[in-house]
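Mapped onto the working numbering, the consecutive letters of the sequence shown carry residue numbers 122 to 522. Okay, structure first, notes after.
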Amino acid sequence: MKILVLNSGSSSLKFQLFMGRDLSVLASGLIEQIGNVQSAAQLSFVDSSGLEKELKRSESVADHREAIMVMADMLRESGVLVDTSELVGVGHRVVHGGEAFHQPVRIDETVIVAIEALIPLAPLHNPANLMGIRVAMEHVANIPQVAVFDTAFHQSIPEHAYLYALPYALYEEQKIRRYGFHGTSHSYVAQQAALYLDRPLEDLHIITLHLGNGASAAAIRNGKCIDTSMGLTPLEGLVMGTRSGDLDPAILFYLGRENDLDMDALDTLLNKESGLKGICGENDMRTISEAAGQGDKQSRLALAMFCYRLKKYIGAYIAALGGVDCIVFTGGIGENSAIVRQLSCQGLEWLGLSLDEDKNNIRQQEILEIQAPDSRASLLVIPTDEEYEIARQTLQVINNS
Ligand code: AMP
Numbered sequence: 122m123k124i125l126v127l128n129s130g131s132s133s134l135k136f137q138l139f140m141g142r143d144l145s146v147l148a149s150g151l152i153e154q155i156g157n158v159q160s161a162a163q164l165s166f167v168d169s170s171g172l173e174k175e176l177k178r179s180e181s182v183a184d185h186r187e188a189i190m191v192m193a194d195m196l197r198e199s200g201v202l203v204d205t206s207e208l209v210g211v212g213h214r215v216v217h218g219g220e221a222f223h224q225p226v227r228i229d230e231t232v233i234v235a236i237e238a239l240i241p242l243a244p245l246h247n248p249a250n251l252m253g254i255r256v257a258m259e260h261v262a263n264i265p266q267v268a269v270f271d272t273a274f275h276q277s278i279p280e281h282a283y284l285y286a287l288p289y290a291l292y293e294e295q296k297i298r299r300y301g302f303h304g305t306s307h308s309y310v311a312q313q314a315a316l317y318l319d320r321p322l323e324d325l326h327i328i329t330l331h332l333g334n335g336a337s338a339a340a341i342r343n344g345k346c347i348d349t350s351m352g353l354t355p356l357e358g359l360v361m362g363t364r365s366g367d368l369d370p371a372i373l374f375y376l377g378r379e380n381d382l383d384m385d386a387l388d389t390l391l392n393k394e395s396g397l398k399g400i401c402g403e404n405d406m407r408t409i410s411e412a413a414g415q416g417d418k419q420s421r422l423a424l425a426m427f428c429y430r431l432k433k434y435i436g437a438y439i440a441a442l443g444g445v446d447c448i449v450f451t452g453g454i455g456e457n458s459a460i461v462r463q464l465s466c467q468g469l470e471w472l473g474l475s476l477d478e479d480k481n482n483i484r485q486q487e488i489l490e491i492q493a494p495d496s497r498a499s500l501l502v503i504p505t506d507e508e509y510e511i512a513r514q515t516l517q518v519i520n521n522s
């Protein structure tokens with residue numbers, strides 16, 4: 122019994138093959154530079170032996186159809202998927218499920234039309250996700266395909282938290298509201314936290330912090346998300362690698378008028394040139410922390426801003442939840458940056474949160490507990506695994522259908 126998980130981006134295809142009820146990983150890989158005729162595709166592939174094969178192709182991969190063929194060849198040649206009939210299902214990551222999808226669904230023509238209708242809300246992501254779905258449905262037409270949405274976990278957020286204080290007609294007519302993203306990751310680490318703490322998820326108040334190049338926080342009460350920092354798009358909320366996160370919307374009118382910037386220029390400014398990169402010229406937290414450690418002023422500022430914004434969200438979500446049992450750090454930064462965890466928890470002792478600096482500096486692959494003995498809430502570092510979660514949800518949908 123094998124499950125294939127596909128994460129299809131505009132010029133990339135990420136895949137992972139799982140086996141059995143325990144969903145052990147048989148192979149994973151990434152094909153980049155799809156459609157770039159100037160440049161050879163970058164392929165990396167790891168099979169179950171854990172051996173990474175960096176494969177460089179001399180020719181480019183023209184489109185997602187060819188990428189799926191290349192992937193199928195790699196899986197066949199390495200012996201992990203000799204025949205596609207070994208698959209019980211294919212799980213697809215879909216970024217935007219709007220209000221239509223509260224949970225993963227088996228894909229049929231109606232689902233495809235609904236994902237298509239959501240393209241205006243995710244113009245970069247949903248078309249790429251759909252491309253992967255269409256090609257996979259052609260390639261393995263008889264295998265059930267499941268869509269797992271980044272937004273679905275946040276559909277439990279109540280109205281007073283998902284609405285913006287704009288004319289209500291904008292919500293009614295155009296569905297302008299908070300959707301939130303990284304839902305698969307928030308949901309996965311919250312479940313892992315409950316398992317680790319050996320308490321039912323339904324009894325816990327949890328704040329999950331997914332801190333990667335994109336970053337978001339979620340407040341989870343009794344297993345249900347009640348608020349999250351990303352909004353209509355992934356631009357809102359925390360300071361990110363190149364995204365500004367929260368700001369006064371009037372800055373846009375000001376820059377539009379004073380600097381004569383049009384909508385596309387403002388979009389690029391806020392999404393690609395802001396965040397950590399805007400402050401110190403770098404978006405990689407490793408480089409920033411090193412430079413900050415060596416006294417670089419702008420890097421120290423970028424780090425301080427990132428952690429200050431994070432701390433404000435932790436405080437806000439403790440208030441929204443009415444107390445917290447556990448805070449989870451995950452994503453590339455959350456899992457690896459002791460300094461970010463330390464600075465974002467500093468000063469929260471008054472709220473009963475206290476971090477143990479020695480434990481915080483331990484590096485390990487498994488779940489790490491970093492609170493001090495007197496901390497009222499647990500502080501956990503949990504590696505996220507979105508592909509595993511997509512495979513798990515895919516299997517669940519298939520078993521229930
Ligand atoms: P992700 O988007 O989850 O892959 O995370 C990417 C971010 O994680 C980048 O900002 C990396 O610099 C950061 N990151 C990865 N490893 C480390 C590390 N050891 N220390 C600090 N940041 C890290």
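Built from N, CA and C at the ideal position, the CB exists for glycine as well.
Taking 6 Å as the cut-off, is the CB of residue i close to at least one heavy atom of the ligand AMP?
i      : result
Asp168 : no
Asn334 : yes
Met406 : yes
Ser149 : no
Asn521 : no
Gly452 : yes
Ser420 : no
Ser458 : yes
Have a look at residue i and residue j and give me their C-alpha separation to the nearest angstrom.
i      : j      : result
Leu330 : Leu318 : 17 Å
Val203 : Gln154 : 26 Å
Ala286 : Tyr292 : 10 Å
Asn380 : Leu391 : 15 Å
Ala315 : Gly301 : 22 Å
Val211 : Lys123 : 9 Å
Lys398 : Ala425 : 13 Å
Ala262 : Glu207 : 13 Å
Leu469 : Ile327 : 16 Å
Asn481 : Glu490 : 8 Å
Leu582 : Leu147 : Nothing can be reported for residue 582, as the shown portion of the chain is limited to 122 through 522.
His185 : Phe136 : 12 Å
Ala282 : Ser129 : 31 Å
Ser133 : Ala493 : 42 Å
Ile341 : Asp495 : 23 Å
Gln485 : Leu196 : 30 Å
Tyr415 : Leu464 : In the sequence under discussion, the amino acid at residue 415 is Gln, which differs from the Tyr named in the question. When rounded, the distance between both Cα atoms is 17 Å.
Asp417 : Leu284 : 40 Å
Gln295 : Met361 : 27 Å
Asn527 : Leu245 : Nothing about residue 527 can be read from this structure; the chain reaches only from 122 to 522.
Ser199 : Gly141 : 18 Å
Ile454 : His275 : 22 Å
Asp474 : Glu507 : For the record, residue 474 in the displayed sequence is Leu; it is not Asp. Spanning the two alpha carbons is a distance of roughly 28 Å.
Thr389 : Tyr375 : 16 Å
Pro279 : Arg298 : 11 Å
Asn457 : Cys428 : 14 Å
Gly377 : Lys393 : 17 Å
Met252 : Val518 : 21 Å
Leu472 : Arg462 : 16 Å
Leu106 : His307 : Not covered by the structure: residue 106. The range shown for the chain is 122 to 522.
Val310 : Pro504 : 8 Å
Lys433 : Asn521 : 41 Å
Asp271 : Glu478 : 33 Å
His260 : Thr205 : 9 Å
Asp143 : Ala512 : 10 Å
Quick one: measure Cβ to Cβ for residue i and residue j, integer angstroms, because I've assumed they're closer than 8 Å.
i      : j      : result
Leu127 : Gly150 : Going by Cβ atoms, the distance from Leu127 to Gly150 rounds to 11 Å, so no, they are not a contact pair.
Ser350 : Leu356 : Actually they are not in contact, since the Cβ atoms of Ser350 and Leu356 sit about 11 Å apart, beyond 8 Å.
Ala273 : Pro241 : So it is not a contact: roughly 19 Å between Cβ atoms.
Ile254 : Ile228 : 6 Å
Val215 : Ile233 : The Cβ separation is near 10 Å, so there is no contact.
Ser420 : Ser395 : In fact, because the Cβ distance is near 16 Å, the residues do not count as touching under 8 Å.
Thr515 : Val267 : 4 Å
Gln312 : Leu322 : 6 Å
Gly539 : Leu353 : No answer is possible for residue 539: the residues shown for the chain start at 122 and end at 522.
May I ask you to list the residues that DSSP assigns as paired with residue i?
i      : result
Leu208 : Lys123
Thr349 : Ala339
Ile328 : Ala340, Ile448
Phe136 : Leu127, Gly150
Arg214 : Val269
Glu490 : Leu501
Leu476 : Gln492
Val226 : Ala268
Step through the CB atoms of chain D and report whether any lies within less than 7 Å of the CB of residue i.
i      : result
Arg214 : Absent from the structure is chain D; it holds one protein chain and no more.
Cβ contact (3+ pairs, closer than 8 Å) linking the region 186 to 198 and the region 207 to 226: no
Would you call the region 437 to 453 in contact with the region 499 to 506, where contact means no fewer than 3 C-beta pairs closer than 8 Å? yes
Do the region 335 to 344 and the region 406 to 417 make contact, defined as three or more Cβ pairs closer than 8 Å? no
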